[in-house]
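One structure is given here, and the rest of the page talks about it.
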Amino acid sequence: MKNIYLFCALILVLVPGLVSAQQPFNQAKKLVLEVEWEPEANVEIFVAEGQRFHSVEALKKFLDKQAAGTTVIWDPGCVRVGKKPLLSSAKEIRDLSAYLEKRGIRFVVIPSS
Numbered sequence: 272m273k274n275i276y277l278f279c280a281l282i283l284v285l286v287p288g289l290v291s292a293q294q295p296f297n298q299a300k301k302l303v304l305e306v307e308w309e310p311e312a313n314v315e316i317f318v319a320e321g322q323r324f325h326s327v328e329a330l331k332k333f334l335d336k337q338a339a340g341t342t343v344i345w346d347p348g349c350v351r352v353g354k355k356p357l358l359s360s361a362k363e364i365r366d367l368s369a370y371l372e373k374r375g376i377r378f379v380v381i382p383s384s
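So the sequence shown is numbered by this note's numbering: it starts at 272 and just counts up by one.
Written out as structure tokens, the structure reads:
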């Protein structure tokens, strides 16, 4: 019976360490930022890693949790459905870029054609 307890204790100690060694927490990565139309609310929203953000502020809270060295790639496209886009001016895009740069996050905007 002692052997079973010892085995369970070893598993509880070793397994979390192995998992964290394989998948570092908050590792720098590439995120693709998209804008989707939400017809129910008649608005556009940001989507990153399957999460939906209804405002630039909500998006910033998510991006604040990303590791320095992360790259955010945004291709806004040129076709807009509905009302005013979430980032509607060059100034707003520059502001978001500066905000991310202060946090060590690279913001890449792919210009629409």
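Glycine included, C-beta positions come from ideal geometry on N, C-alpha and C.
All values reported here derive from a predicted model rather than from experimental measurement.
Residue of the options minimising C-alpha distance to residue i
{"i": "residue 341", "options": "360, 327, 315 and 368", "result": "368"}
{"i": "residue 345", "options": "381, 320 and 307", "result": "381"}
{"i": "residue 297", "options": "362, 365 and 337", "result": "337"}
{"i": "residue 320", "options": "330, 374, 362 and 303", "result": "303"}
Straight-line gap, residue i to residue j (C-alpha atoms, nearest Å)
{"i": "residue 370", "j": "residue 275", "result": "53 Å"}
{"i": "residue 334", "j": "residue 360", "result": "20 Å"}
{"i": "residue 347", "j": "residue 378", "result": "13 Å"}
{"i": "residue 316", "j": "residue 309", "result": "7 Å"}
{"i": "residue 292", "j": "residue 311", "result": "Residue confidence is low: residue 292 scores 45 on pLDDT, short of 50, so the model does not pin down where it sits. Its coordinate-derived value is still stated next. The alpha-carbon atoms of residue 292 and residue 311 are separated by roughly 42 Å."}
{"i": "residue 299", "j": "residue 372", "result": "14 Å"}
{"i": "residue 332", "j": "residue 339", "result": "14 Å"}
{"i": "residue 364", "j": "residue 301", "result": "18 Å"}
{"i": "residue 374", "j": "residue 307", "result": "26 Å"}
{"i": "residue 330", "j": "residue 366", "result": "13 Å"}
{"i": "residue 323", "j": "residue 362", "result": "23 Å"}
Residues bridged to residue i (per DSSP)
{"i": "residue 342", "result": "301 and 377"}
{"i": "residue 316", "result": "307"}
{"i": "residue 322", "result": "319"}
Integer-rounded CB distance, given that residue j should sit under 8 Å from residue i
{"i": "residue 314", "j": "residue 305", "result": "That belief does not hold up - the Cβ atoms of residue 314 and residue 305 are roughly 14 Å apart, past 8 Å."}
{"i": "residue 376", "j": "residue 343", "result": "6 Å"}
C-beta neighbour in chain C for residue i, strict 8 Å
{"i": "residue 298", "result": "You won't find chain C in this structure, because it holds only one protein chain."}
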